[in-house]
Amino acid sequence: MAGFIVLVLIVVSPFLFFNISTQLFYRRSNSAAPGRRPPTVPYFIPGVFHAFALAYQGPQKYFAALLKQYAHSSLFVVKAGPKHFVVLRNPGHIKKALLTPGLFSRYSLHIHTYEKLFGSPKEAIQIYQSAEKDKNVVEYAHVDLPLKYLTDSSLVRLTDIYITTLSHSLHDKMFQFDTWTQIEDFWSFSQQVVTRCAMETLLGANVFKKYPSLVKDYWKFNDAVDGFMPGLPYFPFSGALEGPRDRMLQGIEKWLKANHSGSNFTKIGDDDPIWDEYLGSKFIQERDDRFAKTNNVTLRARSAEVLSVIHRLNSKLSPISFWTIIEILQNPHLSKRVAAEINPNHSRKSGEYDIVHIANAPLIQSICAEIRRLRACVVTSRMGAKNAIALDQEWALDPGTNIVTFSHDIALNTDYWAKARPGSVERPLEEFCAERFIIPDRLRLAQRQERQTNERREVGRFSMEGLEIFESLLDESDVCVGRAFVQTLQVATLTVFLAEFELQLCDAEVVDAAIPSLRDVTFGTIKPTEEIAIRIRKRRLGNRI
Numbered sequence: 008m009a010g011f012i013v014l015v016l017i018v019v020s021p022f023l024f025f026n027i028s029t030q031l032f033y034r035r036s037n038s039a040a041p042g043r044r045p046p047t048v049p050y051f052i053p054g055v056f057h058a059f060a061l062a063y064q065g066p067q068k069y070f071a072a073l074l075k076q077y078a079h080s081s082l083f084v085v086k087a088g089p090k091h092f093v094v095l096r097n098p099g100h101i102k103k104a105l106l107t108p109g110l111f112s113r114y115s116l117h118i119h120t121y122e123k124l125f126g127s128p129k130e131a132i133q134i135y136q137s138a139e140k141d142k143n144v145v146e147y148a149h150v151d152l153p154l155k156y157l158t159d160s161s162l163v164r165l166t167d168i169y170i171t172t173l174s175h176s177l178h179d180k181m182f183q184f185d186t187w188t189q190i191e192d193f194w195s196f197s198q199q200v201v202t203r204c205a206m207e208t209l210l211g212a213n214v215f216k217k218y219p220s221l222v223k224d225y226w227k228f229n230d231a232v233d234g235f236m237p238g239l240p241y242f243p244f245s246g247a248l249e250g251p252r253d254r255m256l257q258g259i260e261k262w263l264k265a266n267h268s269g270s271n272f273t274k275i276g277d278d279d280p281i282w283d284e285y286l287g288s289k290f291i292q293e294r295d296d297r298f299a300k301t302n303n304v305t306l307r308a309r310s311a312e313v314l315s316v317i318h319r320l321n322s323k324l325s326p327i328s329f330w331t332i333i334e335i336l337q338n339p340h341l342s343k344r345v346a347a348e349i350n351p352n353h354s355r356k357s358g359e360y361d362i363v364h365i366a367n368a369p370l371i372q373s374i375c376a377e378i379r380r381l382r383a384c385v386v387t388s389r390m391g392a393k394n395a396i397a398l399d400q401e402w403a404l405d406p407g408t409n410i411v412t413f414s415h416d417i418a419l420n421t422d423y424w425a426k427a428r429p430g431s432v433e434r435p436l437e438e439f440c441a442e443r444f445i446i447p448d449r450l451r452l453a454q455r456q457e458r459q460t461n462e463r464r465e466v467g468r469f470s471m472e473g474l475e476i477f478e479s480l481l482d483e484s485d486v487c488v489g490r491a492f493v494q495t496l497q498v499a500t501l502t503v504f505l506a507e508f509e510l511q512l513c514d515a516e517v518v519d520a521a522i523p524s525l526r527d528v529t530f531g532t533i534k535p536t537e538e539i540a541i542r543i544r545k546r547r548l549g550n551r552i
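Under my numbering, the first residue of the sequence shown carries the number 8, and numbering increases by one thereafter.
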């Protein structure tokens, strides 16, 4: 009899706990008490809490399900065993927690990420632990060097290297002038081409002689870490990560030994070129040189640092470049307007581009921002609040609290966008709108004769005013390289493809079907659910876009 009672309790207890925790969740959510702590999402087993669901579904799917299920909750707690996360959804709460300096340690997540994701040795992690108190090599590498080499005139020169590399790579594919070549899977094609050219721009062409499978191994690595959430105490897919990561670290070590050996391997003087075939870009040269001269930073740790830069750039650049091209190809009118920005800034004889003018055009800036809004899903975490935080009169966080928020949650928050920029929600946030970030100076109505419809075209200036919270979330993923570098290469990729080649979608209906449901994604790479095919041929000299 006792055994039967125990069995019943074992079976029934989880449902009792779930019922009780559900009541507690809604009681605290609906309470009017000031300064209350966030409610915990209902769970079946105390102590374990939500760990099983996180491990089984993976963080991406699990958090997406929670955001839909508790759509009206501005914040809630998820517990992965002993580790607790407060999910912030209210833009005001996010602004308070993320944009108020000094509330969280700046580098605590770096320690977790570099150790778990990039395989940095534990002794090298000490430099991230001390970075909070002293401006050391970490601050220099993550802040100073991107400003030095990946902005302004240095960025223009490095982008020219990328454009030349990308152009040569595409023209070497044996595409014809008069005959269309069909690419069945444009995602995979652009992924390989853009990634290889970006890596060559960073590391130099010689890296592929030392490590021929770098691009292939990188995308295996990227696929394995796509569900990685900074701060989560475990990583569900760590087994799939170790193989490609270890091969990459070994390959990068081989390249470093061959090209970055000795105490004075750099060529970073004012008269030295921005890029070297063997040494790579000045950015990578000086970055690696500073780490090489830092105590406890071994060759393996330097390789992990190089891997981190590779990942920060390519995990974003290839997907957003793909979606930028696809969205423009879907809209012939938009294609003409983009062409009007590119053509005056492209010399067909010399092949040179004024990429600064193209990238600074309001329409191009708005397209890039809209692609990032819809097709770049970023998770932002902060670990261990230093003190109690009053988010507003209703909610407060205890010292030591960990927080997490998702850029896509804010990207689709109609109330936030309507208050920040009323004109931005004239088109649903679930749709791509090329002019969403343009503040119009005037409106033109252009009569489309063939459709007998009025098409609205805005002429104005690009602005992120009022959207600082959303902007800060997107910038999280650009650490190490900076937004300017990623976005300029995004524009350069679009420019080369459109200016030097003719592109057509094979089936526009497939594109609509291949776009994943936006509410099912919280972070990670947004891939098409089906292969998207395009036709491509070389553009003849004098044949403008």
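Virtual Cβ for every residue (Gly too), placed ideally from N, Cα, C.
A quick note: this is a predicted structure, and the numbers were derived from the prediction, not measured.
Requested in this report: Reducing DSSP to helix, strand and coil, say where T532 ends up.
Outcome: strand
Report task. Within 10 angstroms of the Cβ of A311, are there 16 or more other Cβ atoms? Answer buried if so, exposed if not. Result -> buried
**Report entry** Opening and closing residue of the beta strand (DSSP E) in which Q189 lies
**Finding:** 188 to 190
Query raised in the report: Between the stretch 213 to 231 and the stretch 298 to 311, do at least 3 Cβ pairs fall closer than 8 Å?
Result: no
Report task. Could you check the C-alpha separation between E442 and C375 for me, to the nearest Å? Result -> 10 Å
Query raised in the report: By Cβ distance, which residues of its chain are closer than 8 Å to L73, with the 5 residues on each side in sequence left out?
Result: V48, F83, V85, V94
Query raised in the report: Tell me the DSSP bridge mates of W402?
Result: R43
Requested in this report: Just list the beta strand (DSSP E) runs in the stretch 43 to 119, keeping only unbroken ones of 3 residues or longer that don't cross its boundaries, in chain order.
Outcome: 82 to 87, 90 to 95
**Report entry** Through-space distance from F125 to D485, alpha-carbon basis
**Finding:** 16 Å
Query raised in the report: Just checking, does the stretch 107 to 117 make contact with the stretch 425 to 445 on the three C-beta pairs under 8 Å criterion?
Result: no
Requested in this report: Give me the Cα-Cα distance between A40 and D399, rounded to the nearest whole angstrom.
Outcome: 12 Å
Query raised in the report: CB S328 to CB Q76, shorter than 8 Å?
Result: no
Query - From K223, T186, T188, A520, residue whose alpha carbon lies closest to that of S195 - result: K223
Query - Neighbourhood of R203 by C-beta distance below 6 Å, restricted to the same chain and skipping five residues each side - result: V222
**Report entry** Helix, strand or coil at D448 according to DSSP, with G and I counted as helix
**Finding:** strand
Requested in this report: Quick one: measure Cβ to Cβ for F27 and S161, integer angstroms, because I've assumed they're closer than 8 Å.
Outcome: Before going on, a small fix: residue 27 reads as Ile here, not Phe. Going by Cβ atoms, the distance from I27 to S161 rounds to 60 Å, so no, they are not a contact pair.
Report task. Give the DSSP-derived three-state secondary structure of Q257 in the structure shown. Result -> helix
Query raised in the report: Excluding sequence positions up to five away, which residues of its chain have a Cβ less than 7 Å from the Cβ of A247?
Result: A231
Report task. Report the option in I543, P326, A104 whose CA atom is closest to the CA atom of I476. Result -> A104
Query - Rounded C-alpha distance that separates R164 from Y63 - result: 47 Å
Query raised in the report: Can you tell me the Cα-Cα spacing of F508 and R546, whole angstroms?
Result: 5 Å
Requested in this report: With a 10 Å radius around its C-beta and 16 neighbouring C-beta atoms as the bar for buried, classify H318 as buried or exposed.
Outcome: buried
**Report entry** L512 and L404 closer than 8 Å at C-beta
**Finding:** no
Report task. Return the Cβ separation of E565 and N303 in integer angstroms, given the expectation that the two are a contact with Cβ distance under 8 Å. Result -> No statement about residue 565 is possible, as the shown extent of the chain runs from 8 to 552 and does not include it.
Query - Buried versus exposed call for K289 [16 or more other C-beta atoms within 10 Å across all chains shown] - result: buried
Query raised in the report: Which parts of the stretch 149 to 196 are runs of the beta strand (DSSP E), unbroken and 3 residues or longer, counting only runs that do not cross its ends?
Result: 188 to 190
Requested in this report: Report the residue ranges of all alpha helix (DSSP H) runs contained in full by the stretch 381 to 427; include only those spanning at least 4 residues, in chain order.
Outcome: 414 to 418, 421 to 427
Query raised in the report: How far does the alpha helix (DSSP H) with L510 in it reach, from first residue to last?
Result: Note, L510: premise wrong, no alpha helix (DSSP H); beta strand (DSSP E) at 508 to 512.
Requested in this report: Just the C-alpha distance for A453 and T29, rounded to the nearest angstrom, thanks.
Outcome: Note that A453 scores a pLDDT of 44, beneath 50, so its modelled location is shaky; the value from the coordinates is reported in the next line. Their backbone Cα atoms lie some 55 Å apart in a straight line.
Query raised in the report: Under 8 Å, do V503 and L173 count as touching if we go by C-beta distance?
Result: yes
Query raised in the report: Residue range of the beta strand (DSSP E) that R544 falls in?
Result: 541 to 545
Query raised in the report: Beta-carbon separation of R490 and F182 under 8 Å?
Result: no
Query raised in the report: Just to confirm, are H117 and C487 a CB contact at a threshold of 8 Å?
Result: no
**Report entry** Burial state of P153, where buried means 16 or more other Cβ atoms lie within 10 Å
**Finding:** buried
Requested in this report: Check each candidate in Y285, F25, S388 and name the one with the smallest Cα separation from L106.
Outcome: S388
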